[in-house]
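Right, one structure below, let's go through it.
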Amino acid sequence: MSEPEWNSTTTPEEGSIVHVLAEDDFGQYPVPFRILFKDDRWWNAHTGEELEVFVAGWREASDTD
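When the letters of the sequence shown are read in order and numbered with the working numbering, they come out as residues 73 to 137.
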């Protein structure tokens, strides 16, 4: 089963737990932990720290991730 595509055109619903595709000077890479989208910002769902990268895309996290 293939993984879903990265969504780069919209933001997730408030309170969604997602995976994100980060982008920096080295390229694009998936962030290896779940992200919470709230207050129009991206937060580490485990630690509560704000993510300080450019988010190039996102996709829903499943219950088994």
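We treat Cβ as the ideally placed atom computed from N, Cα and C, and that holds for glycine.
Here the structure is a predicted model, which is why all the values come from computation and not from measurement.
By a C-beta neighbour count over all protein chains shown, 10 Å radius and 16 as the cutoff for buried, is residue i buried or exposed?
{"i": "F109", "result": "buried"}
{"i": "V90", "result": "buried"}
{"i": "V125", "result": "exposed"}
{"i": "P102", "result": "exposed"}
{"i": "P76", "result": "exposed"}
Is residue i helix, strand or coil by DSSP?
{"i": "L108", "result": "strand"}
{"i": "L123", "result": "coil"}
{"i": "W130", "result": "strand"}
{"i": "A117", "result": "coil"}
{"i": "F76", "result": "The displayed chain sequence assigns Pro, not Phe, to residue 76. Note: P76 maps to coil in three-state DSSP."}
{"i": "V90", "result": "strand"}
Which stretch, first to last residue, makes up the beta strand (DSSP E) that contains residue i?
{"i": "P84", "result": "Premise fails: P84 is in no beta strand (DSSP E) and is neither H nor E."}
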